[in-house]
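Participant: Here the sequence shown stands for residues 1 to 319, numbered as in UniProt numbering. Note that beta-carbon positions come from the ideal geometry of N, C-alpha and C, so glycine has one too. The model shown is predicted, which means the values in this text are computed figures rather than measured ones.
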Amino acid sequence: MSVNTFFDMPGGAKMPAIGLGTGGLRDESTVEAALNAAFDAGYRHFDTANMYQNEAFIGRVFKKWFSSGKAKRDDIFITTKLPFNGLHQDRVKMFMKQSLENLQLDYVDLYLIHFPIGFKYEEGPFLLSKKEVDDNIDHIAVWKKMEEQVDAGRTKAIGLSNFNQRQIERIMKTARIKPSCLQIELHVHLLQKDLVKYCHDNGMVVVAYSPLLAPGFTGEKRSIPPPMENATVKKIAAKYNKTDAQILLRYLVQKKIVPIPKSSNPVRMKENIEIFDFNIESADIKSLDDLEAGEMARLRKFDHFGPGIPNHPEFPFPG
Ligand SMILES: NC(=O)c1ccc[n+]([C@@H]2O[C@H](COP(=O)([O-])OP(=O)(O)OC[C@H]3O[C@@H](n4cnc5c(N)ncnc54)[C@H](OP(=O)(O)O)[C@@H]3O)[C@@H](O)[C@H]2O)c1
1 MSVNTFFDMP
11 GGAKMPAIGL
21 GTGGLRDEST
31 VEAALNAAFD
41 AGYRHFDTAN
51 MYQNEAFIGR
61 VFKKWFSSGK
71 AKRDDIFITT
81 KLPFNGLHQD
91 RVKMFMKQSL
101 ENLQLDYVDL
111 YLIHFPIGFK
121 YEEGPFLLSK
131 KEVDDNIDHI
141 AVWKKMEEQV
151 DAGRTKAIGL
161 SNFNQRQIER
171 IMKTARIKPS
181 CLQIELHVHL
191 LQKDLVKYCH
201 DNGMVVVAYS
211 PLLAPGFTGE
221 KRSIPPPMEN
231 ATVKKIAAKY
241 NKTDAQILLR
251 YLVQKKIVPI
261 PKSSNPVRMK
271 ENIEIFDFNI
281 ESADIKSLDD
291 LEAGEMARLR
301 KFDHFGPGIP
311 NHPEFPFPG
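1) Are the beta-carbon atoms of M51 and P10 separated by less than 8 Å?
2) Cα-Cα, which of A13, A41, D27 and A34 is closest to V3?
3) State the Cα-Cα distance for the pair P116 and T218, rounded to the nearest angstrom.
4) How would you label S263, buried or exposed, when you count the other beta carbons within 10 angstroms and need 16 or more for buried?
5) Quick check on G203: buried or exposed, where buried means 16 or more other Cβ atoms within 10 Å of its Cβ?
6) Counting Cβ pairs, one atom from each stretch, are 3 or more of them under 8 Å apart for the region 295-308 and the region 14-28?
7) Could you tell me if the beta carbon of S210 falls within a distance shorter than 7 Å of some heavy atom in ligand 1?
8) Please list, in chain order, all residues of the same chain as A175 whose beta carbon is under 8 Å from its beta carbon, the five residues on each side excluded.
9) Per DSSP, what are the beta-bridge partners of H187 in this structure?
10) According to DSSP, is V3 part of a helix, a strand, or is it coil?
11) For R60, collect the residues of the same chain with a Cβ closer than 8 Å to its Cβ; drop the 5 residues on either side in sequence, then sort them by chain order.
12) Please report how far the alpha carbon of N85 lies from the alpha carbon of V108, in whole angstroms.
13) Write down the C-beta distance between V206 and L182 rounded to the nearest angstrom, noting that I regard them as a contact closer than 8 Å.
14) Could you tell me which of G159, R222, I280 and A231 sits nearest to L249, measuring between CA atoms?
15) What's the C-alpha gap between P259 and G124?
16) May I have the straight-line CA-CA distance separating E292 from D74, to the nearest angstrom?
17) I'd like to check one pair, A13 with A141: are the Cβ atoms closer than 8 Å?
18) Reducing DSSP to helix, strand and coil, say where P259 ends up.
19) Closer than 7 Å by C-beta to residue 321: which residues in its own chain qualify, once you throw out the five before and the five after it? Chain order, please.
20) If we require 3 or more residues per run, which beta strand (DSSP E) segments fall completely within the region 28-116?
21) Which same chain residues, not among the five before or five after D290, have their C-beta less than 8 Å away from its C-beta?
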């Protein structure tokens with residue numbers, strides 16, 4: 001495997017095996033510095049979302065790259081997401097077009113439904129809205145509109161984020177264009193093996209968000225420390241003369257899972273992508289597998305988004 005490793009997506013597209021998460025990169029100068037450092041380190045895959053409120057900043061950086069000849073559009077893989085208040089068949093096209101306008105692109109490589117529960121739409125930034133849960137969600141009708149975005153050339157591929165197997169199966173049954181990706185919280189303590197197997201068996205690429213279990217994130221209650229503090233991870237890192245983060249990211253790539261670690265620190269960004277010059281042996285993979293802690297390790301439950309979330313019939317997580 002090299003830094004140019006790609007995973008095949010249905011329909012012939014290819015996703016670079018690691019990407020830069022941009023959630024949490026909120027001001028323009030931070031985004032510009034981070035993207036430039038990431039590009040120089042070798043990143044060509046970037047993950048954003050309408051909800052991160054940084055698409056316009058990313059778009060301006062891309063524009064500079066394309067006009068200076070630093071990169072061509074085809075060099076870049078960009079994912080963005082339909083926001084929670086866009087989860088309605090009447091709003092998919094509007095939000096897709098808004099993302100393209102922000103990113104100053106004719107198409108994105110991947111458009112994901114961010115979350116299986118929607119909120120009623122109000123003008124203005126989602127994060128500031130009242131966030132009243134919408135009980136009339138029709139995933140099948142929304143998916144048909146997602147398919148139309150592929151037909152119209154606005155996105156190369158479409159997929160899901162934070163959906164469970166039951167919800168994916170329901171879409172698969174009637175989909176004309178099958179979901180090509182599932183983006184979920186996934187790290188050494190929460191491997192979601194059955195869901196990953198289902199996705200791989202159905203040709204979907206699995207993308208791991210919070211692959212380092214988001215050290216430093218304080219938004220939700222943490223029941224397990226970040227795995228970079230784990231003794232087994234540290235021991236394996238010492239054996240391969242790599243950092244803890246490199247072991248955790250390489251471990252996922254060896255499982256054909258695409259990690260999208262977020263960093264705004266050029267040194268850590270470089271560290272996170274320098275994972276293609278070694279191989280973790282199977283005995284060490286087994287030791288890492290044993291760190292699985294199940295649902296208790298899940299950090300992002302989205303219940304702080306609104307009181308209607310945890311008891312909603314489409315709440316995707318067990319328990
Ligand atoms: N689909 C969804 O619902 C969803 C939800 C959450 C996140 N995401 C996506 O996934 C991306 C990553 O997830 P995340 O930000 O939650 O978690 P993460 O990537 O596991 O952790 C990010 C944190 O780790 C630090 N970090 C990065 N590399 C490091 C290293 N080598 N050593 C030590 N610390 C390091 C970063 O700090 P520095 O910046 O200071 O390096 C940052 O605080 C997001 O940016 C977003 O694009 C998607």
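Facilitator: Looking at the atomic coordinates:
1) Taking the sequence shown and counting its residues from 1, one reaches residue 51 at position 51. Taking the sequence shown and counting its residues from 1, one reaches residue 10 at position 10. Pairing M51 with P10 gives a Cβ-Cβ distance that is not under 8 Å.
2) The sequence position of residue 3 within the sequence shown is 3, counting from 1. V3 has its Cα closest to that of A41, out of A13, A41, D27 and A34.
3) Here residue 116 is taken as the residue at index 116 of the sequence shown, counted from 1. Here residue 218 is taken as the residue at index 218 of the sequence shown, counted from 1. Rounded to whole angstroms, P116 to T218 spans 23 Å at the Cα level.
4) Taking the sequence shown and counting its residues from 1, the one referred to as residue 263 is at position 263. When all chains shown are included, S263 counts as buried.
5) Translated into the one-based positions of the sequence shown, residue 203 becomes position 203. Residue environment analysis places G203 among the exposed positions, since fewer than 16 neighbouring C-beta atoms fall within 10 angstroms of its C-beta.
6) At 8 Å Cβ cutoff, the stretches do not touch.
7) What you label residue 210 is simply residue 210 of the sequence shown in a count that begins at 1. Relative to ligand 1, S210 has its C-beta within less than 7 Å of a heavy atom.
8) Locating residue 175 in the sequence shown gives position 175, counting from the first residue. These residues qualify, in order along the chain: W143 and E147.
9) Locating residue 187 in the sequence shown gives position 187, counting from the first residue. When DSSP reads this structure, H187 sits in a beta bridge with L190.
10) For the purposes of this step, residue 3 is taken as the residue at position 3 of the sequence shown. It is coil, neither helix nor strand.
11) Sequence index remark: in the sequence shown, residue 60 carries index 60 (1-based). Only E28, E32 and Q104 meet the Cβ criterion.
12) Position 85 of the sequence shown, counted from the first residue, corresponds to residue 85. Position 108 of the sequence shown, counted from the first residue, corresponds to residue 108. Using only the alpha carbons, I get a separation of about 20 Å.
13) Numbered from 1 along the sequence shown, position 206 holds the residue referred to as residue 206. Numbered from 1 along the sequence shown, position 182 holds the residue referred to as residue 182. So it is a contact: roughly 6 Å between Cβ atoms.
14) Working through the sequence shown from its first residue, we reach residue 249 at position 249. Of the candidates G159, R222, I280 and A231, the residue whose Cα lies closest to the Cα of L249 is I280.
15) The residue given as residue 259 occupies position 259 in the sequence shown. The residue given as residue 124 occupies position 124 in the sequence shown. Roughly 31 Å between the two C-alpha positions.
16) Against the sequence shown, residue 292 aligns to sequence position 292. Against the sequence shown, residue 74 aligns to sequence position 74. Between the C-alpha atoms of E292 and D74 there is a straight-line separation of about 37 Å.
17) Indexing the sequence shown from 1 puts residue 141 at position 141. Indexing the sequence shown from 1 puts residue 13 at position 13. No; because the gap between Cβ atoms is not below 8 Å, this pair is not in contact.
18) Taking the first residue of the sequence shown as 1, we reach residue 259 at position 259. For P259, the secondary structure class from DSSP, reduced to helix, strand or coil, is strand.
19) Outside the modelled stretch of the chain, which goes from 1 to 319, sits residue 321, for which no answer is possible.
20) Annotation note: the region 28-116 contains the following uninterrupted beta strand (DSSP E) runs of length 3 or greater, listed N- to C-terminal: 45-47, 77-82 and 108-113.
21) Locating residue 290 in the sequence shown gives position 290, counting from the first residue. Within the same chain, D290 has close Cβ partners T232.
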